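Visitor:
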Amino acid sequence: MSDKHDESLYSLYQKSRQEQPRERLDERIRMAAKRRLKRDKKRWIWGLSTAAVVVLSFSVVINVSDIDSTSMQRIIEKETMEPSEVMNDGIREEARVPESPAMLFGDNSARRIATPQEIEEVLTLDKVSQWAKSRSIEISAMRPALSKKSEAESVELSLVIPDLPTELDALLELGDSLTGEITPSGLVTVYAKDKLILTVDSNSGAHRFKAWPGSGILGVGLDWTQGVSRLQDCDNKNAYTVCSLSDQVRGMFEDNRLDHISWVVSRE
Amino acid sequence: MAHTEQSDESLHAAYCAGDMAAFDSLYARYRQPLYLFLLRRGHTESNAEDIFHDCWMKVIDHRDRFDGHHFRAWVYSVARNLSIDVFRKESLREVSEFDENHSPDVHLSAQKVQEGMDCIKLIKSSVAELPVAQRDVFLLQQEGGLSLQQIADLMSVGRETIKSRLRYAMNQLKQLMAECL
């Protein structure tokens, strides 16, 4: 067939080019592009402040030059080591990671981490919500970076509770028949029988309320791998696209990735 | 120089240097053709949007992977790879890349026109009927505006192979669209 037919075909194809991406999608992509520029700017500023800190540290090192060089070397080594290599008075020890669940059990060999189902039995969303409500506490759930390998599954999640009581007694009210203790490193641990269901790290600035895989305290069933494109009720707020995941729970998405969820327990 | 006159590569560089307006111009250039490339490649609207989004996230977040040359070829290569991944994940059976002797159902096309299907709809369905390898070449040329050599590089085959795939694609489309030409 002739070139004339080629031209007609191309012309018809051009006429068929009508579909466009939705404007909401355009807006999301623009927001992501903007956020990236902001992040770059922050990194630049952070670079400057790091440089300032380095300069400051350098002055401190000069001022404390009476500290012998071996001690200083130890400090530097410790700061840069893997947890499994942490030194204790200069003697290399086996792994001792204070917040590692395995280290919490001590000599009690019956203890183990609760399974997601066991956590769900004890810490339901309702119970935690009531508990938080009675204390006028706002809670949100954070998802730490997921490894690609485990992305299909719910993995370790943390609830961030700005005003979390660190008193063990208050935490034991989260569920029935709970026991707990405080480790020497300041970690509050809560057990259901011999099963570890949560820890609270009272040492960090923001108290972290940690639960292990697939925790039912988040009320999920939630697909952490979902993107925003199929969700209807969404708004762009600050750095996130905020979508309703249920009546109570809102999801904060960054770059089409569910970053964290939150729900607010209204104050009485 | 106004953004509209700048090359893709200089717009990309300007965005990397913090110029959001440069990103807007670059996005406007590729918005529809890139989306149509994915849609015509056989994805549902929803999947095409997801891949389109992910493609731009790569443009935004993996800027260092762009070598500064031929932005157009790079962005279509990213989109095509993402699209292939989605098909693989969904275990969708694609017509073999090498099935160049695939015969279109000309009678069915003629029947569709006789039954009132307009030529615009028919060309969409005809493109969808092309074997994937031919469809890719046609779309990369029509939507991507890529040269035969750029398509050859992108698909890792020789220029002559691309030329031949395009010829097959055009012949098949002309047969399917005979009632409209």
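If you read the protein sequences in the order shown, they are chains A and B. Using the working numbering, you'd call the opening residue of the first sequence number 13 and step up by one each time. Using the working numbering, you'd call the opening residue of the second sequence number 71 and step up by one each time. We treat Cβ as the ideally placed atom computed from N, Cα and C, and that holds for glycine. Note that the structure is a prediction, hence the values are computed from the model and not measured.
Going straight from the alpha carbon of R36/A to that of L180/A, what length do you get?
Guide: 47 Å
Visitor: Return the chain-ordered list of same chain residues with a C-beta closer than 8 Å to the C-beta of R40/A, the five sequence neighbours on each side being excluded.
Guide: V240, N248, T253 and N268
Visitor: Y146/B and L200/B: beta carbons closer than 8 Å?
Guide: no
Visitor: Show which residues of chain A have a CB atom less than 8 Å away from the CB atom of H123/B.
Guide: L37, R40, I41, G239, S241 and N268
Visitor: Would a check of beta-carbon distances place L24/A closer than 8 Å to chain B?
Guide: yes
Visitor: Against chain A, which members of the stretch 212-246 of chain B pass a CB distance test of less than 9 Å?
Guide: Q212, E213, M240, N241, L243, K244 and Q245
Visitor: Rounding to the nearest angstrom, what Cα-Cα distance links A239/B and D89/B in this structure?
Guide: 41 Å
Visitor: Do the CB positions of L108/B and S153/B come within less than 8 Å of each other?
Guide: In this structure, L108/B places its C-beta atom within 8 Å of the C-beta atom of S153/B.
Visitor: Based on DSSP bridge pairs, tell me the residues matched to C246/A.
Guide: Residue pairing for C246/A: DSSP places it in a beta bridge opposite C255/A.
Visitor: Out of V200/A, Q142/A and S20/A, which one is the CA nearest neighbour of L186/A?
Guide: Q142/A
Visitor: Using a Cβ-Cβ distance under 8 Å, would E170/B count as near chain A?
Guide: Caution is warranted here: a pLDDT of 44 is assigned to E170/B, below 50, making its placement in the model unreliable, and no coordinate value can be reported.
Visitor: Let me see if you follow: with CB-CB separation under 8 Å, is R101/B close to chain A or not?
Guide: For R101/B, the answer is yes, since a Cβ of chain A falls inside 8 Å of its Cβ.
Visitor: Since D7/A meets chain B, which of its residues come closer than 7 Å, beta carbon to beta carbon?
Guide: A query on residue 7/A cannot be resolved here, the shown segment of chain A reaching from 13 to 280 and no further.
Visitor: In chain order, what residues of the stretch 121-148 of chain B put their CB closer than 8 Å to some CB of chain A?
Guide: Within the stretch 121-148 of chain B, the residues whose Cβ lies closer than 8 Å to some Cβ of chain A are F122, H123, D124, W126, M127, I130 and D131, listed in chain order.
Visitor: Give a yes or no on whether 8 Å exceeds the smallest Cβ distance from F93/B to chain A.
Guide: yes
Visitor: Using three-state DSSP, classify E31/A as helix, strand or coil.
Guide: Per DSSP, reduced to three states, the secondary structure at E31/A is coil, with no helix or strand assignment.
Visitor: Can you give me the C-alpha to C-alpha distance between A92/B and E130/A, rounded to a whole angstrom?
Guide: Answer to the nearest angstrom: the Cα atoms are 53 Å apart.
Visitor: Specify, as a first and last residue, the run of the beta strand (DSSP E) that T191/A falls within.
Guide: L190 to I194
Visitor: Relative to chain A, which residues along the stretch 187-204 of chain B have a C-beta separation below 7 Å, given in chain order?
Guide: C189, I190, I193 and K194
Visitor: Using a C-beta cutoff of 8 Å, does A44/A count as contacting chain B?
Guide: yes
Visitor: Any idea what DSSP makes of L208/A, helix, strand or coil?
Guide: strand
Visitor: Take L243/A and list the residues in its own chain whose beta-carbon comes closer than 7 Å to its own, dropping the five residues that flank it on each side.
Guide: C255
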